[in-house]
Amino acid sequence: MIRTYLCKEHKMIKNLPLSKIKPYLNDKKAVIWVDLQKATEEEYKQIEDVFKFHPLSMEDARKSIELPKVEIFDEYIFVVLYNFYLEKEKKYPIKKEIDFFLGKNFLVTVHEHESDSVEQMAIRLEKSTNGKHQGADFFMYKIIDHMVDQYFPIVDSWEDYIEELEANIIAHRLSKNALQEITKTKKNVLFFKRNISPQREVINKLSTREFGFICESTILYFRDVYDHIIRVYTELEIQRDLINNAFEAYMSVLTIQMTRTSNKMNEIMKKLTIISTIFLPLTFLAGVYGMNFRYFPEITWKYGYLLFWIVAVVVGIFMFWFFKRKKWT
Amino acid sequence: MIRTYLCKEHKMIKNLPLSKIKPYLNDKKAVIWVDLQKATEEEYKQIEDVFKFHPLSMEDARKSIELPKVEIFDEYIFVVLYNFYLEKEKKYPIKKEIDFFLGKNFLVTVHEHESDSVEQMAIRLEKSTNGKHQGADFFMYKIIDHMVDQYFPIVDSWEDYIEELEANIIAHRLSKNALQEITKTKKNVLFFKRNISPQREVINKLSTREFGFICESTILYFRDVYDHIIRVYTELEIQRDLINNAFEAYMSVLTIQMTRTSNKMNEIMKKLTIISTIFLPLTFLAGVYGMNFRYFPEITWKYGYLLFWIVAVVVGIFMFWFFKRKKWT
Amino acid sequence: MIRTYLCKEHKMIKNLPLSKIKPYLNDKKAVIWVDLQKATEEEYKQIEDVFKFHPLSMEDARKSIELPKVEIFDEYIFVVLYNFYLEKEKKYPIKKEIDFFLGKNFLVTVHEHESDSVEQMAIRLEKSTNGKHQGADFFMYKIIDHMVDQYFPIVDSWEDYIEELEANIIAHRLSKNALQEITKTKKNVLFFKRNISPQREVINKLSTREFGFICESTILYFRDVYDHIIRVYTELEIQRDLINNAFEAYMSVLTIQMTRTSNKMNEIMKKLTIISTIFLPLTFLAGVYGMNFRYFPEITWKYGYLLFWIVAVVVGIFMFWFFKRKKWT
Amino acid sequence: MIRTYLCKEHKMIKNLPLSKIKPYLNDKKAVIWVDLQKATEEEYKQIEDVFKFHPLSMEDARKSIELPKVEIFDEYIFVVLYNFYLEKEKKYPIKKEIDFFLGKNFLVTVHEHESDSVEQMAIRLEKSTNGKHQGADFFMYKIIDHMVDQYFPIVDSWEDYIEELEANIIAHRLSKNALQEITKTKKNVLFFKRNISPQREVINKLSTREFGFICESTILYFRDVYDHIIRVYTELEIQRDLINNAFEAYMSVLTIQMTRTSNKMNEIMKKLTIISTIFLPLTFLAGVYGMNFRYFPEITWKYGYLLFWIVAVVVGIFMFWFFKRKKWT
Amino acid sequence: MIRTYLCKEHKMIKNLPLSKIKPYLNDKKAVIWVDLQKATEEEYKQIEDVFKFHPLSMEDARKSIELPKVEIFDEYIFVVLYNFYLEKEKKYPIKKEIDFFLGKNFLVTVHEHESDSVEQMAIRLEKSTNGKHQGADFFMYKIIDHMVDQYFPIVDSWEDYIEELEANIIAHRLSKNALQEITKTKKNVLFFKRNISPQREVINKLSTREFGFICESTILYFRDVYDHIIRVYTELEIQRDLINNAFEAYMSVLTIQMTRTSNKMNEIMKKLTIISTIFLPLTFLAGVYGMNFRYFPEITWKYGYLLFWIVAVVVGIFMFWFFKRKKWT
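Residue numbers (my numbering), protein chains in the order written: chain A, 1 to 329; chain B, 330 to 658; chain C, 659 to 987; chain D, 988 to 1316; chain E, 1317 to 1645.
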């Protein structure tokens, strides 16, 4: 799908065919924006014909590139950046590529999937029919600014989550799948940080005076976008630290809890064993007086039985006292 | 709330309306300081009108920015820095933003909350009614110097705390919530370090000859502030190392203690089990002589009972000696 | 084995002997490609004679070098790069060196083993008999591009593997040799990353304007190869992080599982011990009434036996209740 | 306490009052050294008057600065460095600040505590009454060289200690307070490394041609001091690695030892339990034949008792054999 | 011991006294090599007199320096490098210093111990009596090249060792002193890496055009040596990673093994305890019927004894079945 916007002398003409746009390419007063969404091979070829893009950058625009980049050519710069959307119930950002070709007075955007950032720009342009437009570089700024602003809700959604996770861990409330959650969040943060890092580089380059295609006043705006992405990045670095802390704390708390469980169980075992250990000698004693020896003096004593109980109780108490003194109980 | 200070030819006029200040902007002999606290939208607009600040920096001044920065514009530099206050009983520094616009002969400070650093400057200015003022850059230095000096008590309060924590851990005195305390302090130190790091960059930039708005003699003073913040940063790096050491030591000591507890309990169990193990064969023996077989030679022996005791004692002693020799006790 | 290709004025002559190629070295319209595979000492000498290569680079070409590099000489640049092939069923990349000598109008490639990347170039050249050839630098680009493209399947094969490994670990399904697999994969990733890193440096150098032997338009293509290798490298860095995460998670899950096993067993032991502890005092009691004292009041009671059972059951139930209340069961 | 040394035309005049020294400040043939130890406020003011030092560096000289630094001013450079002394029986280096003001022909040293490095220079100067003195920069070199040389004994004392510690750990000889010792040494090494690092920077700056106050030939000597401090630093880095290794090894050995202790104790428990487990069924058997049933066939058998023993021994041996075969013993 | 070599116009004169060598110092056609092994103080003085070396570098040559370095003086450069030899049966490299003074047409080497690298150069020179010598810089290259080549066998010897160690660990074959071996190897690798790192810097400096004492063609050779040392360094980095991996794997395997041992023992304990737990109630029952109550109904039953056995067997089987069902066995 191709959409074209031609702004000239305070007028805006929509969806002119590419062939009619061509003559305006050298018209310094005209500003052209061409947006390709889910383009067919034929549309790509048209674009290549009209704008004379280098085969290498056309190849990059056709395929999906895994890394953001900015490349300078004689007549334009080629920029690859990403929209990120947080999938509902997944805490897991989805990546959608947008390619930009920025020339002196034109901007070509190429993307496979629908992009909010592009749409809001289209709506903006269509509304302001009266004219007074900025250059193609400012169009690009508007789209990128919107893209970067959408990183914040992703990062913010994690922040609260991590804080809560950590608070729970420190308070020794370990949920069953805490490990799973920590590992996933860690992976998400790492994944996002790795994706933001090269975007940051690209936007940094756009906000310097390196390229002739972005005018002085727009550079100030790109610097502002750069500040935003730096903030996202810094936030992600903090989150990485927090999540690592949370993992360490989780393992510590888990170890402590398990060892405590184990020690508490051993404690109980010890107490039970003490009971056994007190009764065993007594059982032996009872066994002794259950023996059937014919010549067995104690058996015939009158208070033999009473004596037995006295001895049994004394031995029992002595053992208990002994274990107590030894701090075994 | 807007406060204005106009210093000219050794006189200081307080709270002149902004409209009357405008003419002095190009007067090289005048020095202007405008302080906005909790400004209304109208006040922001006034400022924007009078000083012609770039919309981007006005936007930054209006909103709260998460990162310190310094930006250069044609007519002024825009600086964002932070006051930190330690909340009572919380060991947890609160962050309060101050924005500076520094021009050739004016300083505009914007902040939401009351700031000690700004107040002490205001008091200073109001006292020195006689005149002899330095430039706007020196005003800014005075405020920033005060801000940085307030970082020290925060860092110092942690230092003693960490030392004590570590001493306790190494001496094997683990308080119940040591883990919680370590994690919190670690987080505070990391948080503060992350905040100090970009402030350091900003102050470093102010102390170089990069900007035309700070004169040679004031740069020396900013260099001094830079030394102070470097000291804060170094202190924080040491604290991070110390707290990591403390965490490692805590986990080690905890592991050692728990394993010792476990081994001590096992030791006791072993001793109890030995007692059981000595009495069990004896009980068996007693059981044997309690049997009712009709043809039972030992039963009828005269010294059978005596012999039983002798055998029992000998077997008991032998087992004890055997366990002793095997080093089982 | 020596193969030579001479392209001149849209004609391509194959396998001309080296001696006949020599005159074309200074012919700017000719493009020469010489490929040495498993060269004999004599062939090396021929090459050295014809192209006047420096003894040091000839020595490097003869021997196998462990590190990629690019060296500039007056008449040529010397480049060492590696083909990597994934051994079937081994997940373990094999390294095969290719050396390039690139001059103004010649390319000499030296390699010990057959290389797909060289073969596809040879096939390409042989097919396009009609002429219209690019320079020697473009020949080199084509070979290196193919080499780098072959890194992707290696990296991709690991990616799925690591994802699966991690999913299994987090779901607490630990295979017997998980540790072995993690360690091997970690080693492979580290090994490959260490090999890619210097290749990246070499290709980066080739894609700058540093050397006079690569023309402007070809540099664009080398920049494209550089983007590819950066993507491989970034992917490997992510994999390293993932595998480290997987290892940490593995150890955590293993510790949890083993401690759980241990605690579950202790739990059972405790229950068994409780049974023993309940029966021991009862056995003692039974022993007591098995004693043969002549004067033994309870023995003669009519309901003595009934009472015994009542006492036994009461004591048993009491103990069970006691342990229950103490939460020992 | 102020000491002054004035060297001119091969003569050395000691303890001239500051006021008389002033005229020599512009005399290129004179070399002045002023040493302030535990200076009073009045003495500081005198110095400030005579040498016209910047208020900022005077403030630094008065207070104790936590970080070494070098600052360049128009008429002098200001250097802060530290003496370190190893406290007896403490393995813990004490830090003593020395401030230097180096001008074209003067050196002012300021320190609170007595410093060996300053004293040896004073003694040196007093001895060489004949004259032939180097410049003020060489005086500074002599003092700093002595300071740095005193770092070596500190580092060396730790080296042997760490080696011994590690040897003990690897040989599984863990002293009671090994953890405490490792933590302390680690802290000392970290502390010293952190202090040496900025000193190294300062001395590096002094050994470059950055400042006009140090002549070419003296720079060679500062380069030598720089080499020394680099050696100290490298040694400390190695020690940090060694102490970390030692800590890891300690924890490993401790874990191994404790687990071994635990396993050994369990082994003993198992053996004891086996004894119990063999005797319990036998006791049951004896109990059986102690029953008083009226109709009890075995009781009346002639060889009943003998049979009992045979059965008991056979059962006992069988159980022992069974446990043996199952490898339970 | 002093050896001198003077090469001039294709002739080589050996062991000329130093005094006679002096006049050739300014002869551009002469090349001088002086080798000092275990030099006496007098010999050092001679060298200092003849070559006018700076006192600082003479001091460095006399003493043993702990760090490689290169220093530039007006008339020569001073280089410190190290020979490393692997002690037999020790896996532990011994360090031997060699100092080089390289001037326009002379090379002075100073070393305490005999050095293979120096000897092979001496032999080389003595053999080639016919002349045709390169400059002093090439002499130095030859010695350093030999030095660096001797690093390879050291690194290689470790490589196999580490591979074997790791294979054993992963296969769960832990030798008794594996920990000791890992710690030692780790220390050796760290030690060697730390020593190679500054040598690498020195050789890098020699291979740039920084110094006037090494001619263009020799720089190519030094670049080759630099490649070699980079390879050694890279190999050491890989080994450090491998040894760290091995340590982690060792600790994991050890933990797993010990916990398995512990769990297996607990398993046995549980089985033994089950036997006890089955027999205890039976013993109690036997005890009950061994009681001597006068009024005891079951005793007089005809099939009482038979019933007892039935009850005992039923209870025993029930308990076994119960434990089985609960999965306690």
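Quick reminder that beta carbons are idealized off the backbone N, C-alpha and C, glycines included.
*asked:* Here's the rule I'm using: 16 or more other beta-carbon atoms within 10 Å means buried, otherwise exposed. How should Y1457 of chain E be labelled?
replied: By the 10 Å Cβ count, Y1457 of chain E comes out buried.
*I801 of chain C to Y740 of chain C span [Cα, whole Å]*: Just so you know, the alpha carbons of I801 of chain C and Y740 of chain C end up roughly 11 angstroms apart.
_With a threshold of 8 angstroms between beta carbons, is M1635 of chain E in contact with chain D?_
No, M1635 of chain E lies away from the interface with chain D (no Cβ there is under 8 angstroms from its Cβ).
_Is there a Cβ of chain B sitting closer than 8 angstroms to that of D99 of chain A, yes or no?_
Taking Cβ atoms only, chain B never reaches closer than 8 angstroms to D99 of chain A, which makes this a no.
_Using a Cβ-Cβ distance cut-off of 8 angstroms, determine whether M1256 of chain D contacts chain E._
It does: the Cβ of M1256 of chain D has a partner Cβ on chain E nearer than 8 angstroms.
_I need the DSSP call for N1484 of chain E, collapsed to helix, strand or coil._
The DSSP-derived three-state label of N1484 of chain E is helix.
*Among C:H830, C:I828, C:L837 and C:R831, nearest to H1488 of chain E - alpha-carbon criterion*: The residue with the shortest Cα to Cα distance from H1488 of chain E is C:L837.
*Could you confirm whether any beta carbon from chain A is found closer than 8 angstroms to the beta carbon of T629 of chain B?*
Interface residue, yes.
*Since Y1292 of chain D meets chain B, which of its residues come closer than 7 angstroms, beta carbon to beta carbon?*
Those within 7 angstroms of Y1292 of chain D in chain B are F622, Y624 and F625.
_Identity of the residues DSSP links to W1353 of chain E by a beta bridge_ = Residue identity differs from the one stated: residue 1353 of chain E is Gln in this sequence, not Trp. According to DSSP, which records beta bridges pairwise, Q1353 of chain E is partnered with E:H1427.
_Can you confirm whether the stretch 522–535 of chain B touches the stretch 598–612 of chain B when touching is taken to mean that 3 or more C-beta pairs between the two stretches lie within less than 8 angstroms?_
The way I'd put it, the stretch 598–612 of chain B doesn't touch the stretch 522–535 of chain B; fewer than three beta-carbon pairs between them come closer than 8 angstroms.
*Contacting residues, own chain, Cβ-Cβ under 6 angstroms from F1005 of chain C (five flanking each side not counted)*: For residue 1005 of chain C there is no data in the structure shown, the boundaries of chain C being 659 and 987.
*Do the stretch 1184–1202 of chain D and the stretch 1270–1285 of chain D make contact, defined as three or more Cβ pairs closer than 8 angstroms?*
No, the stretch 1184–1202 of chain D is not in contact with the stretch 1270–1285 of chain D.
*Count the other C-beta atoms from every protein chain shown that fall within 10 angstroms of the C-beta of T662 of chain C, then say buried if there are 16 or more, exposed otherwise.*
Looking at its Cβ environment, which holds 16 or more other Cβ atoms inside 10 Å, T662 of chain C is buried.
*For T1172 of chain D, does the three-state DSSP call read helix, strand or coil?*
In this structure, T1172 of chain D counts as helix in the three-state DSSP scheme.
*Reduced DSSP category for M1278 of chain D - H, G, I as helix; E, B as strand; rest coil*: In this structure, M1278 of chain D counts as coil in the three-state DSSP scheme.
*asked:* I'd like to know if G789 of chain C contacts chain A, where contact means its C-beta is closer than 8 angstroms to some C-beta of that chain.
replied: Because G789 of chain C sits at a pLDDT of 49, beneath the cut-off of 50, its placement in the model cannot be relied upon, and the point is left open.
*Which residues bound the beta strand (DSSP E) around R3 of chain A?*
Judged by DSSP secondary structure, R3 of chain A falls within the beta strand (DSSP E) whose first and last residues are I2 to K8.
_Tell me the DSSP secondary structure of G316 of chain A in three-state form._
Helix.
*A578 of chain B CB to nearest chain D CB: under 8 angstroms?*
Cβ-Cβ to chain D under 8 angstroms: yes for A578 of chain B.
_Helix, strand or coil at G460 of chain B [DSSP, three-state]_ = Confidence is the limiting factor: at G460 of chain B the pLDDT is only 48, short of 50, which leaves the residue's position unreliable and the question unanswerable from this model.
*A359 of chain B and L335 of chain B: beta carbons closer than 8 angstroms?*
Yes.
_Minimum Cβ-Cβ distance from V288 of chain A to chain B less than 8 angstroms_ = The beta carbon of V288 of chain A sits closer than 8 angstroms to some beta carbon of chain B.
_Buried versus exposed, by CB contacts within 10 Å (16 or more), A794 of chain C_ = Burial is judged here by how many other beta carbons sit within 10 angstroms of a residue's own beta carbon; A794 of chain C has at least 16 and is buried.
*What residues in its chain sit with their C-beta under 8 angstroms from that of R782 of chain C, if we drop five residues either side in the sequence?*
Shown here for R782 of chain C: same chain residues with a beta carbon closer than 8 angstroms to its own, the five before and five after excluded, namely K800 in chain order.
_Every unbroken beta strand (DSSP E) within the stretch 678–760 of chain C, with a cutoff of 3 residues, ordered by chain_ = Positions of the beta strand (DSSP E) runs, each at least 3 residues long and wholly inside the stretch 678–760 of chain C, are given as 688–695, 727–730 and 734–744 in order along the chain.
_So if I threshold CB-CB distances at 7 angstroms, which residues from the stretch 1257–1272 of chain D count as touching chain E?_
For the stretch 1257–1272 of chain D, which is checked against every Cβ of chain E, the residues closer than 7 angstroms are K1257, T1260, I1261, S1263, T1264, L1267, P1268, T1270 and F1271.
*asked:* Which of the three DSSP states is assigned to I872 of chain C in this structure?
replied: Coil at I872 of chain C, not helix or strand.
*Contacts that Q180 of chain A makes with chain C (C-beta to C-beta distance below 7 angstroms)*: Near Q180 of chain A (Cβ distances below 7 angstroms), the residues of chain C are I828.
*Using a C-beta to C-beta distance shorter than 8 angstroms, which residues of chain B count as neighbours of W328 of chain A?*
Proximity of chain B to W328 of chain A at the Cβ level (cut-off 8 angstroms) is accounted for by I597, K600 and L601, in chain order.
*Coil, strand or helix - K327 of chain A by DSSP*: Per DSSP, reduced to three states, the secondary structure at K327 of chain A is coil, with no helix or strand assignment.
*Out of C:E701, C:E699, C:D818 and C:E667, which has the shortest C-alpha to C-alpha gap to K686 of chain C?*
Nearest of C:E701, C:E699, C:D818 and C:E667 to K686 of chain C, Cα basis: C:E667.
*How would you label N517 of chain B, buried or exposed, when you count the other beta carbons within 10 angstroms and need 16 or more for buried?*
The residue is buried, with at least 16 neighbouring Cβ atoms inside 10 Å.
*Quick one: which chain C residues come within Cβ less than 9 angstroms of L1552 of chain E?*
Chain C residues near L1552 of chain E: none, gap ~12 angstroms exceeds 9 angstroms.
*Taking the Cβ atom as the reference point for each residue, do I498 of chain B and L1241 of chain D lie within a distance shorter than 8 angstroms?*
Not a contact, by the Cβ cut-off of 8 angstroms.
*So, are the CB atoms of N1092 of chain D and I1169 of chain D less than 8 angstroms apart?*
No.
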